[in-house]
Amino acid sequence: MKEAAGEANLTVVAIILIGVVVAVVTPLVNSLMKTAAGRACCTDGGGVVQGTNCSGGQYDGQSVRTIKCED
Numbered sequence: 440m441k442e443a444a445g446e447a448n449l450t451v452v453a454i455i456l457i458g459v460v461v462a463v464v465t466p467l468v469n470s471l472m473k474t475a476a477g478r479a480c481c482t483d484g485g486g487v488v489q490g491t492n493c494s495g496g497q498y499d500g501q502s503v504r505t506i507k508c509e510d
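When you line the sequence shown up against my numbering, it's residues 440 to 510, in that order.
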């Protein structure tokens with residue numbers, strides 16, 4: 440019986456650790472995706488990405504983190 444309780448406790452700890460990792464990684468991935476989308480919009484709009492800004496083209500002078508593509 441002690442072994443079964445120990446395994447259940449390990450399962451609970453593993454589930455909690457997975458939840459913590461997901462909670463930490465999700466905002467990071469969302470930020471990276473927004474930046475990648477902004478870079479793509481900048482280059483599709485005829486601009487060049489320099490650092491975090493778009494130079495030239497449709498989104499000139501805007502930060503790639505705030506660019507939202509138009510359909």
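Think of the CB as a built atom: it goes at the ideal place given N, C-alpha and C, for glycine as much as any other residue.
- Spatial neighbours of Gly490 in its own chain (CB-CB distance under 6 angstroms, excluding positions within 5 residues in sequence) are not present.
- Taking a 10 Å sphere around the C-beta of Cys481, we find 16 or more other C-beta atoms and assign the residue as buried.
- Ranked by Cα distance from Ile506, the options Gly477, Ala462 and Val451 are led by Gly477.
- In this structure, the CA atom of Val461 is about 36 angstroms from the CA atom of Gly485.
- Pairing Val487 with Val503 gives a Cβ-Cβ distance that is not under 7 angstroms.
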